[in-house]
Structure formats: C-alpha cells, structure tokens
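Notes follow once the structure below has been shown.
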Amino acid sequence: MAENKNSFVLYKDMISTIEKLSDETAGKLFKHILRYVNDQSPTPENEILDLVFEPIKNQLKRDLNKYKKTKADRSLNGRMGNLKRYNPDLHRQVTDNQITIDEAEKIASHRKTSPSDNSDNKTSQTLANVAVSVSDNVSVSVSDSVNDILLEKETKEYLGQNEKIEEFDSVELEAEESFQKKVARKTRFSKPTVEEIHEYCFERNNGIDAQRFFDHYESNGWMVGKTKMKDWKAAVRTWERNSNNKNQNQNGQQQERFVGRQSIDTIQHNANVGYEAAERVRKQMLNDTN
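Residue numbers (this note's numbering): 280 to 569.
Printed below as a string of structure tokens:
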C-alpha cells in the first residue's frame, strides 16, 4: 500500500469465487488480503488460498498504480497552478522546458523570502538565467509533497524546508481549487452517437426516435436555442416530456369530440323518434275522421 493510504477496493464479482470456498477458507483469505495490504508480506497457507488470492493481488496492484499516477498528476497540476498564479514568468519557462518545476519552485521560494530586497531580486534573476543553462541531469532537491485533495484529502507538507510552510500550503490549496474550476469550465460537450441515444431512450422507454433526435441537433450544430448544448440526456428528457404532454392534449381533444358527437347523435335520434310518433298520430286521426 502507498504511504498514508488507508483504504482499498474489493470488487463484488469476487463472490462467484468466494462462494465456492468453505467459510473457514474464505475467512483465511480475507485475513490474508488484510495482511497483504498492510505490507506484512504474508505467505499463503495452501495452494487453494494461493490460487484464489493471485488475481486479487494483481487487481490490488493495478489499483495502487492507478492511485499513484492520479495522485502524481494532480500534484503536478497543483504545483503548476501555484506557479502560474504567483510567478507567471517561471511558469512560462517550465512550459517551454527551459527549467524544471523543481528549479522554478526554488527560485520562487527565494523571491518570497526577500520580496523587497532589490539585490535579492537580482540574485533570483541570476538563478533563473543559470537554471536555463543547467544540464538536464542536474536535479535540485526540493520537496514535492502536495495536498492530495481529491484522492483522500490527505494533508502533506509542501516545500518543507521553507520556514513559512503554512503559507505555502494555503497557496497550494488555492491553486489546486483554481485549477479544478478551470478544468471544469473548459470541459467540452461531446455529441452522442445514434446508438448511445437509442440505448438511453430504450432504458427510459420513452419511444423517442434516436435517429430523428440526432438528425435534428446535428443539423443545428447541437444548439439548444442560442446556447450550445451541455447535456444531451437532458435534451432527451425534454423531448420525452413534450411528447407526453402532446399525447395527453390529443387524447383530451379526441375525448371531447367524441362526447360532442355522442350528444349530437342522441339529440338527432330523439328528434327522429318524436317526428315518427307525431306522424303516426296524424295518420291515425285522419283514418278516424274518414
């Protein structure tokens, strides 16, 4: 397990294998897993335990590697966001591969300790110029621990050798939050395929024609009114509501017309019956007179 990582994932499809074990063996397997993730390097008691644990161990390793990569990526993003916010000139040099992120942080740290000293500012600029010409295999020892906000909200020291560590931690937190907000704003809409639309409509059982939906928005550049579409599933649900409302209105109108026709037919029938009765009375009276 990674340092300060206090959790791991077990997948529910393991049950198909675990159900085939006795309760005793399953219990031993669980203990074996816990010893493994706590870095106790356990040895399986028997071949069955070894065979069952092997795929679980491989999955744990894959999850751990993914965790470390995600953590490292977010750490670098946070550091770059901090650098761009407070030292944009150094940020440009790093993005242009003129200096490393560690070298840039070293220069930024030196600037912060003496912000009003002109002589120190000149020294900082000299350091920057020297850093550009340093060989790529030279490394500057700088602590690169960062706050892993999204993974497990772990609090770690950042630039530990600096006396103002709390201030640097606060700056990095702000930079990480700023970076995440920018990423969210830049997230672009990805139009769905007809198959994806059909699958979603089938799931909701709404009767929406997936091809018609796709063609409609494909023709107008995936715009909703004058706004670029952000969520095509929300648009499907809107079509669904509109379709339901239309069907309800049509059914109501048909029922009203049916009731209207029924009333007219009844009136006509009664009128015909009355006329026939009156005609029979008239004829009877004529016969009686004759």
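A virtual CB, placed ideally from N, CA and C, is assigned to each residue, including glycine.
Here the structure is a predicted model, which means the values were calculated and not measured.
Simplified DSSP state of residue i, which is helix, strand or coil
| i | result |
| --- | --- |
| T472 | coil |
| S392 | Note that residue 392 corresponds to Thr in the displayed sequence, not to Ser. Here T392 sits in helix by DSSP. |
| V288 | coil |
| K299 | coil |
| T506 | strand |
| W501 | coil |
| I378 | coil |
| G553 | helix |
| S522 | helix |
| R467 | coil |
| Q527 | helix |
| G306 | helix |
Beta-carbon separation (whole angstroms), residue i vs residue j, contact threshold 8 Å
| i | j | result |
| --- | --- | --- |
| A387 | V373 | Not really, about 11 Å apart at Cβ, beyond 8 Å. |
| I476 | S522 | Going by Cβ atoms, the distance from I476 to S522 rounds to 14 Å, so no, they are not a contact pair. |
| N481 | K509 | Per the sequence shown, the amino acid found at residue 481 is Phe instead of Asn. Not a contact, Cβ separation roughly 23 Å. |
Between the CA atoms of residue j and residue i - distance to the nearest angstrom
| i | j | result |
| --- | --- | --- |
| K348 | K525 | 51 Å |
| L343 | N283 | 12 Å |
| M359 | A351 | 12 Å |
| Y554 | R491 | 57 Å |
| T304 | L328 | 7 Å |
| K385 | K345 | 29 Å |
| E298 | N317 | 25 Å |
| Y315 | L355 | 30 Å |
| A556 | M564 | 13 Å |
| E478 | A489 | 9 Å |
| W518 | Y365 | 48 Å |
Where residue i falls, given that 16 or more other Cβ within 10 Å makes a residue buried
| i | result |
| --- | --- |
| H311 | buried |
| D567 | exposed |
| N325 | exposed |
| H370 | buried |
| K512 | exposed |
| K291 | exposed |
| F309 | exposed |
| N499 | exposed |
| G306 | exposed |
Unbroken alpha helix (DSSP H) run spanning residue i, endpoints
| i | result |
| --- | --- |
| R358 | 326-365 |
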